[in-house]
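Structure first, commentary second.
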Amino acid sequence: VRERYAAKRPNSAALHCQAVKVLPGGNTRTVLAYEPFPTAMARGDGCRLLDIDGNAYLDLCGEYTAGLFGHTERRIHAALHDAMERGLSLAAVGEAEQHLARILCSRFPSIDMIRFTNSGTEANLIALSAAQVVTGRSRIIAFRGGYHGSLLYYPVTGSSPIAAPFPVTLCNYNDIDGTVAAIRSAAGEIAAVIVEPMLGSGGCIPAEPAFLAAVAEATRAAGAILIFDEVMTSRMSQGGLQERLGILPDMTTLGKYVGGGMSFGAFGGRQDVMDIFASKVPHAGTFNNNVMSMAAGIAAMGEVFTAAAAANLFALGESLREQLNTISDKAGAPLQFCGLGSLATAHFRRGRIDRPYAITPREEALKELFFFDMLDAGVYIARRGMTALSLPMTERDLTQFTAALEDFLDTRAALLQ
Ligand code: PMP
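Numbering (the numbering used here), first residue to last: 21 to 437.
Okay, structure coming up:
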C-alpha cells in the first residue's frame, strides 16, 4: 500500500526530502506527519483539493475542522481583500474586534464577554490561568484522551512529553462516579474542570448529557470554574454543542473555523469571570485583534455560518454517519464511525465506545490501510481516521466517500475478518 502511495506522489516525496533538512521531521505541525512521507497539497477549491502531483481529492480532512467554509468562500475572501486594502498592522483598537465579539456573545448562550487569541491552545492556556486567578487555586481536572492544545494534551496511555505546568488530575471520560468523586475529594484545590463536550481528536466520542450535567454540578459545588473546550464542537449549532445540549459552562473556548480560516482562538464566559481582564489581569498578544482574523471571522460568523447553515451541516453529517455505519454493519466489519453532526472518526472495533482506549497494533494497521485506501480513492481524511464536513459539500459529494468505503470493505474483506 505504501509503495503504491509513494509511486503516485514523486513530488511530495522529493519535497519531504528537502523539508527534513530544515524542519525537524519535515514539518511544523506534527499532526500532518506520517510514514513514508505526507502528501503535499497545491491548492483547494470548494471542498476539493489538488496535491502537488496532480492527484485530486474530496477534502474530508477539512483542516481538522477549521476548514468549515471550504477553500474558496467568496464572502470571506472579499472581506479579507477589503481588510488588506486598509492596512495590516495598525497597532490600535478598531471597530472590527467589537463587531466579532458581539456576534459571538450573541450566539453562545454562556458567553457574556470574550477575548481573542491566535489559537485554541492559547485560548485554553489563558482560560485555565484565569480560573486560577478567580479561584485562587491551582489544580485542574481534565480527561484522559482530551486534547486542549499542543501543551494541553492528555494521551490515554503514558503522558505527553511536552505539557503546560498546571497540576492536573486526570479522570475517565463519561465516568460520572469517578469524576464526581475526584472533584469532591479535591474540592478546595480545584481551579477548573476542562472538558470537550465531545472528544474531538480523542476519537469523536460524544459526552453523555448526564455526564456533563453531573460534572457541571460537582464543579460548581466545589467552587471551581467549568470550562467547555468547544474548539471543535462549536460547529454543532449556532451556539455550539452547549446550546444543543442545554448545558452551560462558566467559560467556553473557541478556535478553528470561527476565524473564517485565519489563525484564531477565543475564550469567553460569565461577566464576573471575564471582568478580571478589565482590571487586575493583563492579557496581551500582538495578533489578538489582527485585521485578517477579525475581518474573516465577521464575514464567516456573521454571514456564512448562519443558524440554518449549522443545522443543515449537522443533518448532512448525521445522515452520512448513519450510511457509513450501515455499510460497515452489512459487511460485518469491525468498523464503526463515532461522532456527532459533521464530525466522525473511524474506529476499527466492535461494541459501544464511550471513552478513548489504547489502540491495538491490529487496529492501528487497519486504520493506516483505511487511510491509504481512501487517499487512493481520492478521499482525503485525517491520518487518525477523522472526517470533518464543510459547508460547500452536498450529499452527492459524499457518495464518493460511501462508495470508497464499500470498495475498501470489499477488497480488504479477508483482513477485516
Ligand atoms: N482544543 C481542541 C478541542 C482542539 O481540537 C484543538 C486543536 N485540534 C485545540 C484545542 C487547539 O487548537 P489550536 O490547534 O488552534 O491551538
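Built from N, CA and C at the ideal position, the CB exists for glycine as well.
Query: Taking 7 Å as the cut-off, is the C-beta of Gly-285 nearer than that to any heavy atom in the ligand PMP?; Result: yes
Query: Closest to Glu-383 by C-alpha separation, out of Leu-436, Ala-150, Ile-134 and Asp-349, would be which residue?; Result: Leu-436
Query: Verify the contact flag: Asp-73, CB atom, against every heavy atom of the ligand PMP, threshold strictly below 7 Å.; Result: no
Query: Answer with buried or exposed for Cys-81, where buried requires no fewer than 16 other C-beta atoms within 10 angstroms of its C-beta.; Result: buried
Query: Examine the Cβ distances between the region 111 to 127 and the region 81 to 101 and report whether three or more of them are shorter than 8 Å.; Result: no
Query: Check Ala-316 in the structure and name its three-state DSSP category.; Result: helix
Query: Just to confirm my understanding: we take Ala-316, look at its own chain, exclude 5 residues before and 5 after, and list those with CB closer than 7 Å. What are they?; Result: Ile-96, Ala-99, Leu-100, Gly-279, Gly-280, Gly-281 and Met-282
Query: Contact between the region 22 to 32 and the region 361 to 375: three or more CB pairs below 8 Å?; Result: no
Query: Out of Glu-55, Glu-342, Gly-64 and Arg-403, which has the shortest C-alpha to C-alpha gap to Met-422?; Result: Rather than Met, the amino acid found at residue 422 in this sequence is Thr. Checking every option, the nearest Cα to that of Thr-422 belongs to Glu-342.
Query: Have a look at the DSSP bridge pairing and note the partners of Leu-69.; Result: Gly-64 and Tyr-77
Query: Would DSSP call Phe-231 helix, strand or coil?; Result: helix
Query: Alpha carbon to alpha carbon, how far is Ala-335 from Gly-361?; Result: 6 Å
Query: Does Ala-33 come out as helix, strand or coil in the three-state DSSP assignment?; Result: helix
Query: For the beta strand (DSSP E) that contains Ala-53, what are its first and last residues?; Result: Segment: none, Ala-53 is in no beta strand (DSSP E) and carries neither H nor E.
Query: Nearest-angstrom Cα distance between Phe-428 and Phe-163?; Result: 33 Å
Query: Can you grab the Cα-Cα spacing for the pair Ala-112 / Ile-318, in whole Å?; Result: 18 Å
Query: Given 7 Å as the limit, tell me if Thr-141 has its C-beta closer than that to any heavy atom belonging to the ligand NAP.; Result: What this structure holds is the ligand PMP, not the ligand NAP.
Query: Going by Cα to Cα distance, which pick from Ala-286, Cys-67, Asp-349 and Met-394 is closest to Leu-124?; Result: Ala-286
Query: Could you tell me the distance, in whole angstroms, from the CA atom of Thr-155 to the CA atom of Ile-245?; Result: 8 Å
Query: Taking the C-alpha atoms as reference points, what is the distance between Thr-380 and Lys-387?; Result: 11 Å
Query: Going by beta carbon distance, what residues of the same chain come within less than 6 Å of Gln-152, once the five residues before and after it are set aside?; Result: Ser-158 and Ala-211
Query: Whole angstroms is fine: what's the gap from Asn-31's alpha carbon to Pro-185's?; Result: 41 Å
Query: Return yes when at least one heavy atom of the ligand PMP lies under 7 Å from the C-beta of Glu-83, else no.; Result: no
Query: I need the straight-line Cα distance from Phe-128 to Cys-224, nearest angstrom please.; Result: 22 Å
Query: With a threshold of 16 other CB atoms inside 10 Å of the CB of Pro-376, please say whether the residue is buried or exposed.; Result: buried
Query: Have a look at Gly-337 and Leu-363 and give me their C-alpha separation to the nearest angstrom.; Result: 7 Å
Query: Considering only the alpha carbon of each residue, which of Arg-204, Thr-50 and Leu-78 lies closest to Asp-417?; Result: Leu-78
Query: Quick check on Gly-359: does DSSP put it in helix, strand or coil?; Result: strand
Query: Output yes or no for whether 8 Å exceeds the beta carbon distance between Pro-229 and Phe-248.; Result: no
Query: Can you grab the Cα-Cα spacing for the pair Ala-330 / Ala-227, in whole Å?; Result: 20 Å
Query: Is any heavy atom of the ligand PMP found at a distance shorter than 7 Å from the C-beta of Met-252?; Result: yes
Query: Mapping DSSP to helix, strand and coil, what is Cys-191?; Result: strand
Query: Taking the alpha-carbon positions, what's the Ala-242 to Glu-426 distance?; Result: 50 Å
Query: Rounded to whole angstroms, what is the Cα-Cα separation between Cys-37 and Leu-52?; Result: 15 Å
Query: Looking at the structure shown, is Pro-226 part of a helix, part of a strand, or coil, going by DSSP?; Result: strand
Query: Using beta-carbon positions only, say whether Leu-355 and Ser-348 come within less than 8 Å of one another.; Result: yes
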